[in-house]
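The next block holds one structure in the form of structure tokens; read it before the comments.
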Amino acid sequence: MTKSLRTEQQWHEELTPEQFEICRNKGTERPFTGIYEDCKKVGLYHCICCGSILFDSETKFDSGSGWPSFWDVSSSENINEIIDESHGMKRVEVTCKSCDAHLGHVFEDGPQPTGLRYCINSASLNLKEKSC
Ligand SMILES: [Zn+2]
């Protein structure tokens, strides 16, 4: 797979300031502010940066955390999981494999069948609704 390599300047031009801060600078949107936090629409969530398919609405659940939460990824081939020891915590960072966009973190307190909770920033996602 080819990496979507763009320069910082190109990402600046293609993304909104919020998207840039979260995806390229590993920022975090404020809880309960993201457009997909409470979204129940059916479709696939793509990477806002490169369009790679990341999550399926079928695995989205209401975690009450304030961020869109999923109990599984759409395809593990599209996601990287990296140990993140910043901020004095040991967490697992989730990034887009094709463009390295920061998406959020994965925790082990999610519902079955996986027991995982992918806690993802709305700003890194682009929902393409299924037209039944
Ligand atoms: Zn991407």
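If you read the sequence shown in our numbering, its first letter stands for residue 33, the second for the next number, and so on.
Even glycine gets a Cβ: it sits at the ideal position worked out from N, Cα and C.
Note that the structure is a prediction, hence the values are computed from the model and not measured.
Mapping DSSP to helix, strand and coil, what is S84?
-> For this step, residue 84 is matched to residue 52 along the sequence shown. In the structure shown, S84 falls within a coil segment according to DSSP collapsed to helix, strand and coil.
Who are the near neighbours of Y68 in its chain, counting only those whose CB is closer than 7 angstroms to its CB and skipping five residues on each side?
-> On the sequence shown, position 36 is the one that residue 68 refers to. Excluding five sequence positions before and after Y68, the CB atoms of its chain that fall closer than 7 angstroms to its own CB belong to P100, S154, L157, L159, given in chain order.
Using 6 angstroms as the cut-off, classify the Cβ of S89 as near or not near the heavy atoms of ligand 1, replying yes or no.
-> Indexing the sequence shown from 1 puts residue 89 at position 57. Using a cutoff of 6 angstroms, the CB of S89 does not count as near ligand 1, since none of the ligand's heavy atoms is closer than that.
Would you give the residue range spanned by the beta strand (DSSP E) that H44 belongs to?
-> Position 12 of the sequence shown, counted from the first residue, corresponds to residue 44. Note, H44: premise wrong, no beta strand (DSSP E); alpha helix (DSSP H) at 40 to 46.
Given C71, which residues of its chain have a CB within under 6 angstroms of its CB, disregarding the five upstream and five downstream residues?
-> Here residue 71 refers to the residue found at position 39 when the sequence shown is read from its first residue. Short of 6 angstroms from the beta carbon of C71, and not among the five residues preceding or following it, lies no beta carbon of its own chain.
A155: beta carbon under 6 angstroms from a heavy atom of ligand 1?
-> Numbered from its first residue, the sequence shown carries residue 155 at position 123. No - ligand 1 has no heavy atom lying nearer than 6 angstroms to the Cβ of A155.
Distance between R38 and I152 (C-alpha atoms, nearest Å) = Along the sequence shown, read from residue 1 onward, the residue named residue 152 stands at position 120. Along the sequence shown, read from residue 1 onward, the residue named residue 38 stands at position 6. Those two C-alpha atoms are separated by around 22 angstroms.
Apart from the five residues just before and just after D141, which ones in its own chain have a Cβ nearer than 7 angstroms to its Cβ?
-> Mapped onto the sequence shown, residue 141 falls at position 109. The answer, listed in chain order, is R149.
Closer than 6 angstroms from C-beta to any heavy atom of ligand 1: which residues, in chain order?
-> Output, sorted by chain position: C79, C81, C82, S84, C128, S130, C131, A133.
Could you work out which residue in Q41, N57, C79, G98 is closest to F64 when comparing CA atoms only?
-> As a working note, residue 64 is residue 32 in the sequence shown. Taking only the C-alpha atoms, the option nearest F64 is G98.
Assigned secondary structure, N110 (DSSP; H/G/I helix, E/B strand, else coil) = Working through the sequence shown from its first residue, we reach residue 110 at position 78. In the structure shown, N110 sits in a helix (DSSP, three-state: H, G or I).
Going by other Cβ atoms of all chains shown within 10 Å of its Cβ, with 16 needed for buried, is E61 buried or exposed?
-> Start at 1 with the first residue of the sequence shown, and residue 61 comes out as number 29. Residue environment: E61 is assigned as buried (16 or more neighbouring CB atoms within 10 Å of its CB, all protein chains considered).
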